[in-house]
Amino acid sequence: MPKDVLLVALGSTAGLRRAEAGFAASLARAGVSVATVTAAPQRDVRTLMATDLVWALAARRAAVAGIAEHAPRAVVYSTVTAALLWPRPGAIRFDAPAAGNRPGRHGLWQRPLERRRLAAAPLLLPHDAAALDDLGPAAAAALRGRVVAVPIAVDPSGPADGVRDLATITYGTNPHKKGLDRVLAAWALARRPGEELLVAGIDALPDGLGPAPEGVRCTGMLDAAAYRGLLRRARVFVTAPRREDHGLAQLEALADGCALVTTAAPGPYAALPAARALDPRWVLPDGAGADALAAAIRTALDDPPADLAVRGPAAVAEHGSAAIDRAVAERVLPRLLG
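Counted from 1, the sequence shown has number 30 at position 50 by our numbering; the numbering is strictly sequential.
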(Lines of atoms letter the chains of each structure in order from A and count residues from 1; the text may use other names and numbers.)
(Lines give C-alpha, C1' and ligand atoms only; values in the text may rest on other atoms or scores of the structure.)
Protein backbone atom coordinates (compact mmCIF):
# COMPACT_ATOMS: atom_id res chain seq x y z
CA MET A 1 0.00 0.00 0.00
CA PRO A 2 1.47 3.43 -0.90
CA LYS A 3 2.85 5.52 1.98
CA ASP A 4 3.39 9.21 2.34
CA VAL A 5 6.93 8.85 3.72
CA LEU A 6 9.53 6.11 3.65
CA LEU A 7 12.20 6.41 6.36
CA VAL A 8 15.40 4.61 5.42
CA ALA A 9 16.96 3.87 8.80
CA LEU A 10 20.57 2.87 9.34
CA GLY A 11 20.04 1.45 12.82
CA SER A 12 23.76 0.93 13.40
CA THR A 13 23.74 1.99 17.08
CA ALA A 14 21.25 1.88 19.92
CA GLY A 15 21.10 5.67 20.08
CA LEU A 16 20.48 5.93 16.36
CA ARG A 17 17.71 3.33 16.52
CA ARG A 18 16.00 5.34 19.28
CA ALA A 19 16.32 8.52 17.26
CA GLU A 20 14.92 6.90 14.12
CA ALA A 21 11.99 5.37 15.95
CA GLY A 22 11.25 8.73 17.56
CA PHE A 23 11.28 10.58 14.24
CA ALA A 24 9.00 7.99 12.61
CA ALA A 25 6.60 8.29 15.55
CA SER A 26 6.57 12.08 15.20
CA LEU A 27 5.71 11.77 11.51
CA ALA A 28 2.88 9.40 12.34
CA ARG A 29 1.50 11.72 15.04
CA ALA A 30 1.41 14.47 12.41
CA GLY A 31 -1.11 12.36 10.49
CA VAL A 32 0.98 11.03 7.62
CA SER A 33 1.43 7.38 6.74
CA VAL A 34 5.05 6.32 7.26
CA ALA A 35 6.96 3.11 6.66
CA THR A 36 10.44 2.41 8.03
CA VAL A 37 12.97 0.12 6.42
CA THR A 38 16.20 -0.59 8.26
CA ALA A 39 19.58 -1.60 6.91
CA ALA A 40 20.55 -5.15 7.81
CA PRO A 41 23.15 -5.41 10.60
CA GLN A 42 26.71 -5.45 9.32
CA ARG A 43 29.85 -7.13 10.62
CA ASP A 44 32.68 -5.04 11.99
CA VAL A 45 35.33 -4.12 9.43
CA ARG A 46 38.73 -2.59 9.93
CA THR A 47 38.46 0.98 8.68
CA LEU A 48 35.90 3.79 8.73
CA MET A 49 35.97 3.90 4.92
CA ALA A 50 35.00 0.23 4.76
CA THR A 51 32.48 0.61 7.59
CA ASP A 52 30.66 3.38 5.75
CA LEU A 53 30.70 1.38 2.52
CA VAL A 54 29.12 -1.77 3.96
CA TRP A 55 26.46 0.26 5.78
CA ALA A 56 25.74 2.44 2.73
CA LEU A 57 25.26 -0.67 0.61
CA ALA A 58 22.95 -2.16 3.25
CA ALA A 59 20.93 1.06 3.36
CA ARG A 60 20.65 1.09 -0.43
CA ARG A 61 19.30 -2.46 -0.44
CA ALA A 62 16.75 -1.54 2.22
CA ALA A 63 15.74 1.60 0.31
CA VAL A 64 15.29 -0.25 -2.99
CA ALA A 65 13.03 -2.81 -1.32
CA GLY A 66 11.10 -0.16 0.61
CA ILE A 67 10.48 2.01 -2.44
CA ALA A 68 9.25 -0.97 -4.42
CA GLU A 69 6.91 -2.07 -1.63
CA HIS A 70 5.55 1.27 -0.42
CA ALA A 71 5.75 3.63 -3.46
CA PRO A 72 6.32 6.59 -1.11
CA ARG A 73 5.62 10.19 -1.99
CA ALA A 74 8.85 11.18 -0.21
CA VAL A 75 11.93 9.41 1.14
CA VAL A 76 13.92 10.44 4.22
CA TYR A 77 17.39 8.95 4.71
CA SER A 78 18.53 8.72 8.31
CA THR A 79 22.23 9.72 8.32
CA VAL A 80 24.40 10.84 5.47
CA THR A 81 25.78 7.29 5.27
CA ALA A 82 22.32 5.94 4.44
CA ALA A 83 22.05 8.49 1.61
CA LEU A 84 25.49 8.00 0.05
CA LEU A 85 24.35 5.28 -2.39
CA TRP A 86 20.69 6.22 -2.53
CA PRO A 87 18.55 4.80 -5.34
CA ARG A 88 16.37 7.91 -5.32
CA PRO A 89 16.95 11.45 -4.01
CA GLY A 90 15.31 12.28 -0.71
CA ALA A 91 15.59 14.33 2.43
CA ILE A 92 18.59 13.61 4.65
CA ARG A 93 18.38 13.58 8.45
CA PHE A 94 21.79 13.62 10.15
CA ASP A 95 23.76 14.58 13.23
CA ALA A 96 27.04 15.49 11.52
CA PRO A 97 28.47 15.33 8.00
CA ALA A 98 31.48 13.28 6.96
CA ALA A 99 33.26 16.61 6.45
CA GLY A 100 33.43 16.82 10.24
CA ASN A 101 33.55 13.26 11.54
CA ARG A 102 35.54 11.58 8.75
CA PRO A 103 38.77 13.63 8.57
CA GLY A 104 41.75 12.79 6.40
CA ARG A 105 42.00 9.27 5.01
CA HIS A 106 38.92 8.16 6.98
CA GLY A 107 36.61 9.96 4.54
CA LEU A 108 38.43 9.89 1.20
CA TRP A 109 35.46 8.60 -0.77
CA GLN A 110 32.66 9.70 1.54
CA ARG A 111 33.32 13.45 1.64
CA PRO A 112 33.14 14.19 -2.12
CA LEU A 113 30.07 11.97 -2.53
CA GLU A 114 28.49 13.59 0.50
CA ARG A 115 28.82 17.03 -1.10
CA ARG A 116 26.89 15.81 -4.13
CA ARG A 117 24.18 14.19 -2.04
CA LEU A 118 23.67 17.25 0.14
CA ALA A 119 23.48 19.44 -2.95
CA ALA A 120 20.88 17.16 -4.56
CA ALA A 121 18.69 16.55 -1.49
CA PRO A 122 15.40 18.49 -1.61
CA LEU A 123 15.44 18.94 2.18
CA LEU A 124 18.09 18.67 4.91
CA LEU A 125 17.03 17.77 8.45
CA PRO A 126 20.05 18.07 10.74
CA HIS A 127 19.59 17.42 14.43
CA ASP A 128 21.18 20.84 14.99
CA ALA A 129 21.79 23.64 12.50
CA ALA A 130 25.40 23.83 13.75
CA ALA A 131 26.06 20.52 11.99
CA LEU A 132 26.42 22.46 8.74
CA ASP A 133 29.39 24.39 10.13
CA ASP A 134 31.64 21.41 9.39
CA LEU A 135 31.06 21.99 5.68
CA GLY A 136 32.69 25.41 5.71
CA PRO A 137 31.05 28.85 5.45
CA ALA A 138 30.46 28.90 1.69
CA ALA A 139 29.02 25.37 1.44
CA ALA A 140 26.86 25.85 4.53
CA ALA A 141 25.48 29.14 3.21
CA ALA A 142 24.54 27.50 -0.09
CA LEU A 143 22.48 24.87 1.72
CA ARG A 144 20.74 26.98 4.39
CA GLY A 145 17.61 27.52 2.34
CA ARG A 146 16.86 23.78 2.37
CA VAL A 147 17.53 23.20 6.06
CA VAL A 148 15.04 22.53 8.84
CA ALA A 149 16.77 21.61 12.10
CA VAL A 150 14.85 18.90 13.95
CA PRO A 151 16.45 17.72 17.21
CA ILE A 152 16.17 14.18 18.47
CA ALA A 153 13.19 13.92 20.79
CA VAL A 154 14.33 13.53 24.40
CA ASP A 155 11.81 13.31 27.23
CA PRO A 156 12.19 12.48 30.93
CA SER A 157 11.91 8.73 31.39
CA GLY A 158 10.23 9.05 34.79
CA PRO A 159 10.26 11.16 37.96
CA ALA A 160 13.67 12.82 38.41
CA ASP A 161 13.33 13.44 42.15
CA GLY A 162 13.86 9.88 43.38
CA VAL A 163 16.77 8.44 45.35
CA ARG A 164 20.16 9.20 43.78
CA ASP A 165 22.14 6.21 45.08
CA LEU A 166 24.66 6.05 42.21
CA ALA A 167 27.54 8.50 42.07
CA THR A 168 28.53 8.74 38.41
CA ILE A 169 27.73 7.20 35.06
CA THR A 170 29.16 7.48 31.55
CA TYR A 171 28.44 5.92 28.17
CA GLY A 172 31.27 3.74 26.92
CA THR A 173 30.50 2.83 23.32
CA ASN A 174 33.06 4.24 20.83
CA PRO A 175 35.42 4.74 23.80
CA HIS A 176 38.17 6.70 22.02
CA LYS A 177 35.77 9.24 20.52
CA LYS A 178 33.89 9.56 23.81
CA GLY A 179 37.13 10.04 25.77
CA LEU A 180 36.63 7.12 28.11
CA ASP A 181 40.35 7.13 28.92
CA ARG A 182 40.05 10.75 30.07
CA VAL A 183 37.01 9.96 32.20
CA LEU A 184 38.76 7.05 33.91
CA ALA A 185 41.85 9.14 34.64
CA ALA A 186 39.71 11.88 36.18
CA TRP A 187 37.60 9.42 38.17
CA ALA A 188 40.74 7.87 39.68
CA LEU A 189 41.49 11.32 41.14
CA ALA A 190 37.94 12.33 42.05
CA ARG A 191 36.60 9.13 43.59
CA ARG A 192 36.04 8.74 47.30
CA PRO A 193 35.62 5.40 49.09
CA GLY A 194 32.30 3.74 48.31
CA GLU A 195 31.68 5.76 45.13
CA GLU A 196 31.34 4.02 41.78
CA LEU A 197 31.49 5.00 38.11
CA LEU A 198 29.17 2.96 35.90
CA VAL A 199 30.28 2.56 32.29
CA ALA A 200 27.15 1.78 30.30
CA GLY A 201 27.08 0.13 26.89
CA ILE A 202 30.14 -2.12 27.13
CA ASP A 203 30.86 -5.44 28.84
CA ALA A 204 34.48 -4.64 29.72
CA LEU A 205 36.96 -1.83 29.33
CA PRO A 206 38.76 -1.95 25.96
CA ASP A 207 42.33 -3.13 25.60
CA GLY A 208 44.70 -0.64 27.11
CA LEU A 209 42.19 0.61 29.68
CA GLY A 210 41.24 -2.52 31.56
CA PRO A 211 40.72 -4.44 33.71
CA ALA A 212 38.30 -2.16 35.51
CA PRO A 213 39.85 -0.74 38.68
CA GLU A 214 38.07 -0.49 42.00
CA GLY A 215 35.17 1.91 41.74
CA VAL A 216 34.52 1.28 38.03
CA ARG A 217 31.89 -1.16 36.77
CA CYS A 218 30.80 -1.91 33.21
CA THR A 219 27.09 -2.59 32.85
CA GLY A 220 27.11 -4.25 29.40
CA MET A 221 24.50 -3.41 26.82
CA LEU A 222 21.21 -2.30 28.36
CA ASP A 223 17.80 -1.76 26.86
CA ALA A 224 16.58 1.81 26.86
CA ALA A 225 14.36 1.40 29.93
CA ALA A 226 17.13 -0.12 32.05
CA TYR A 227 19.64 2.51 30.97
CA ARG A 228 17.30 5.42 31.67
CA GLY A 229 16.51 3.86 35.03
CA LEU A 230 20.20 4.14 35.92
CA LEU A 231 20.21 7.79 34.86
CA ARG A 232 17.36 8.51 37.27
CA ARG A 233 19.48 7.03 40.07
CA ALA A 234 22.80 8.70 39.11
CA ARG A 235 23.94 12.03 40.48
CA VAL A 236 26.44 12.88 37.72
CA PHE A 237 26.91 11.97 34.06
CA VAL A 238 30.54 12.55 33.07
CA THR A 239 32.10 12.55 29.61
CA ALA A 240 35.15 14.05 27.91
CA PRO A 241 34.62 13.44 24.19
CA ARG A 242 37.22 14.18 21.55
CA ARG A 243 34.32 15.09 19.26
CA GLU A 244 30.57 15.10 19.86
CA ASP A 245 28.22 14.87 16.90
CA HIS A 246 25.07 15.41 18.96
CA GLY A 247 25.22 14.06 22.51
CA LEU A 248 22.01 12.07 22.89
CA ALA A 249 23.25 10.35 26.05
CA GLN A 250 24.03 13.71 27.63
CA LEU A 251 20.61 15.13 26.76
CA GLU A 252 18.96 12.05 28.25
CA ALA A 253 21.02 12.49 31.41
CA LEU A 254 19.87 16.10 31.79
CA ALA A 255 16.27 15.10 31.09
CA ASP A 256 16.50 12.58 33.91
CA GLY A 257 17.94 15.07 36.40
CA CYS A 258 21.67 14.27 36.33
CA ALA A 259 24.38 16.87 36.57
CA LEU A 260 26.39 16.86 33.32
CA VAL A 261 30.18 17.22 33.62
CA THR A 262 31.79 17.48 30.21
CA THR A 263 34.49 19.02 28.10
CA ALA A 264 33.44 21.39 25.32
CA ALA A 265 34.27 19.05 22.47
CA PRO A 266 34.23 20.15 18.83
CA GLY A 267 31.19 19.23 16.77
CA PRO A 268 27.49 20.17 16.98
CA TYR A 269 27.28 19.29 20.68
CA ALA A 270 23.61 20.00 21.46
CA ALA A 271 23.81 19.52 25.23
CA LEU A 272 26.53 22.11 25.88
CA PRO A 273 24.28 25.20 26.15
CA ALA A 274 21.99 23.43 28.60
CA ALA A 275 24.91 22.20 30.72
CA ARG A 276 26.43 25.69 30.85
CA ALA A 277 23.09 27.20 31.82
CA LEU A 278 22.72 24.77 34.73
CA ASP A 279 26.24 25.32 36.09
CA PRO A 280 29.20 26.64 34.07
CA ARG A 281 31.60 24.92 36.50
CA TRP A 282 30.60 21.61 34.93
CA VAL A 283 31.70 22.50 31.38
CA LEU A 284 35.46 22.53 30.85
CA PRO A 285 37.51 23.61 27.83
CA ASP A 286 38.24 21.02 25.18
CA GLY A 287 41.29 19.01 26.19
CA ALA A 288 41.09 19.90 29.89
CA GLY A 289 43.33 17.69 32.00
CA ALA A 290 42.39 14.99 34.48
CA ASP A 291 42.86 17.31 37.48
CA ALA A 292 40.37 19.86 36.14
CA LEU A 293 37.86 17.20 35.15
CA ALA A 294 38.18 15.53 38.55
CA ALA A 295 37.55 18.86 40.28
CA ALA A 296 34.41 19.41 38.20
CA ILE A 297 33.17 15.92 39.06
CA ARG A 298 33.63 16.62 42.76
CA THR A 299 31.85 19.96 42.45
CA ALA A 300 28.88 18.29 40.77
CA LEU A 301 28.78 15.52 43.38
CA ASP A 302 29.25 17.74 46.41
CA ASP A 303 27.58 21.02 45.46
CA PRO A 304 24.75 20.47 42.97
CA PRO A 305 21.85 22.94 42.71
CA ALA A 306 19.07 21.99 45.08
CA ASP A 307 16.52 22.16 42.27
CA LEU A 308 18.53 20.18 39.69
CA ALA A 309 15.76 17.59 39.31
CA VAL A 310 13.52 20.40 38.03
CA ARG A 311 16.02 22.56 36.18
CA GLY A 312 17.70 19.70 34.30
CA PRO A 313 14.58 18.52 32.46
CA ALA A 314 13.51 22.14 31.87
CA ALA A 315 16.88 22.91 30.26
CA VAL A 316 16.25 20.37 27.52
CA ALA A 317 12.52 21.03 27.06
CA GLU A 318 13.13 22.28 23.52
CA HIS A 319 14.16 18.71 22.69
CA GLY A 320 10.92 17.22 24.05
CA SER A 321 8.49 15.26 21.91
CA ALA A 322 5.89 18.03 21.92
CA ALA A 323 8.38 20.57 20.53
CA ILE A 324 9.64 18.11 17.91
CA ASP A 325 6.09 17.22 16.86
CA ARG A 326 5.36 20.90 16.24
CA ALA A 327 8.48 21.29 14.14
CA VAL A 328 7.66 18.21 12.08
CA ALA A 329 4.03 19.19 11.49
CA GLU A 330 4.58 22.90 10.86
CA ARG A 331 8.00 23.08 9.22
CA VAL A 332 8.99 19.67 7.83
CA LEU A 333 5.91 18.14 6.27
CA PRO A 334 4.85 21.18 4.20
CA ARG A 335 8.26 21.12 2.55
CA LEU A 336 8.63 17.35 2.40
CA LEU A 337 5.23 16.58 0.87
CA GLY A 338 4.38 19.93 -0.73
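Glycine included, C-beta positions come from ideal geometry on N, C-alpha and C.
Please read all numbers here as calculations on a predicted model, not as lab measurements.
Within its own chain, the residues whose Cβ lies closer than 7 Å to the Cβ of Q22, once the five positions on either side in sequence are excluded, are V34, W35 and A38, listed in chain order. By the Cβ neighbour-count rule, E0 is buried, with 16 or more other Cβ atoms within 10 Å of its own. Between V25 and D(-16) the beta-carbon gap is near 35 Å, outside 8 Å, which marks them as no contact. Counting the other CB atoms within 10 Å of its CB gives A220 a total of 16 or more, which places it among the buried residues.
Judged by their CB atoms, S301 and R208 are not nearer to each other than the 8 Å cut-off. Put simply, the stretch 232 to 239 touches the stretch 247 to 266. At least three CB pairs are less than 8 Å apart. By the criterion of at least three beta-carbon pairs nearer than 8 Å, the stretch 107 to 119 is not in contact with the stretch 182 to 190. Contact between L(-14) and P52 holds, with the beta-carbon distance rounding to 4 Å and staying under 8 Å. Of the residues assessed, E94 falls on the buried side of the cut-off, its CB having 16 or more other CB atoms within 10 angstroms. R73 sits away from R144, with the two beta carbons spaced by 8 Å or more. With respect to the 8 Å criterion, A280 and W262 are classified as neighbours on the basis of their beta carbons.
For a cut-off of 8 Å, the C-beta gap from R291 to L258 is around 6 Å, short enough to register as a contact. Pairing A168 with A54, the inter-Cα distance amounts to about 51 Å. Beta-bridge annotation (DSSP): Y57 is paired with V(-12) and I72.
Separation of the CB atoms of L123 and T59 is rounded to 17 Å, and the pair is thereby denied contact status at 8 Å. For the pair A100 and R126, the CB atoms are not nearer than the 8 Å cut-off. Nearest Cα to K158 within the set F217, A204 and A110: F217.
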